[in-house]
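Residue numbers (the working numbering): 201 to 355.
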């Protein structure tokens, strides 16, 4: 699956989703001062073995589906939110990040999908790489990632 993020000129960036045999789909990504939310999903889901939003898209779900009710996908959403919180407010210790993620799962009323300290660190590295690449993308420019961890930038 290929994900192409386009840096918008207004309040939204855009994500185009290409999957063999399925129609091209587009998601609007509200700008939030950091990398797009679905790019954080990519950083998380390219490291952990649990299925979240992008993993389910890769399996054929349409972009308009809801993960509510899928305990693992809901847990991955909380993990994505944990990393977004770090990007906005500063990095916590790895143990504190895991505790924040587990608390988010408990507050949402669903199970935790286990993550290791090594996975947290690997996700942070991936987020740093993506953040650096995204900051170099001009308005209307693109950043393309494949779900095998390779990312390229095109103007």
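The C-beta atom is built at its ideal place from N, Cα and C for all residues, glycine as well.
These numbers come from a predicted model, not from an experiment.
Mind checking who residue 337 pairs with in its DSSP beta bridge? Residue 337 pairs with nothing; no bridge assigned.
Could you check whether the region 229 to 241 touches the region 276 to 294, counting it as contact only if at least three pairs of C-beta atoms, one from each stretch, sit closer than 8 Å? yes
For residue 314, is the classification buried or exposed, using 16 other Cβ atoms within 10 angstroms of its Cβ as the cut-off for buried? exposed
May I ask which residues mark the beginning and end of the alpha helix (DSSP H) holding residue 245? 237 to 245
Can the beta-carbon of residue 263 be found less than 8 Å from the beta-carbon of residue 235? no
Classify residue 273: buried if its beta carbon has 16 or more other beta carbons within 10 angstroms, exposed otherwise. buried
Relative to the alpha-carbon of residue 230, which residue among 287, 247, 211 and 223 has its alpha-carbon at the smallest distance? 211
Find out if the Cβ-Cβ distance for the pair residue 184, residue 343 is shorter than 8 Å. Since the first residue shown for the chain is 201 and the last is 355, residue 184 is missing from the structure and cannot be characterised.
Per-residue DSSP class, three states only, for residue 294: helix
Apply the 10 Å Cβ neighbour rule to residue 328 and answer buried if 16 or more other Cβ atoms are within range, or exposed otherwise. exposed
Rounded straight-line distance, which links the Cα of residue 201 to that of residue 220: 7 Å
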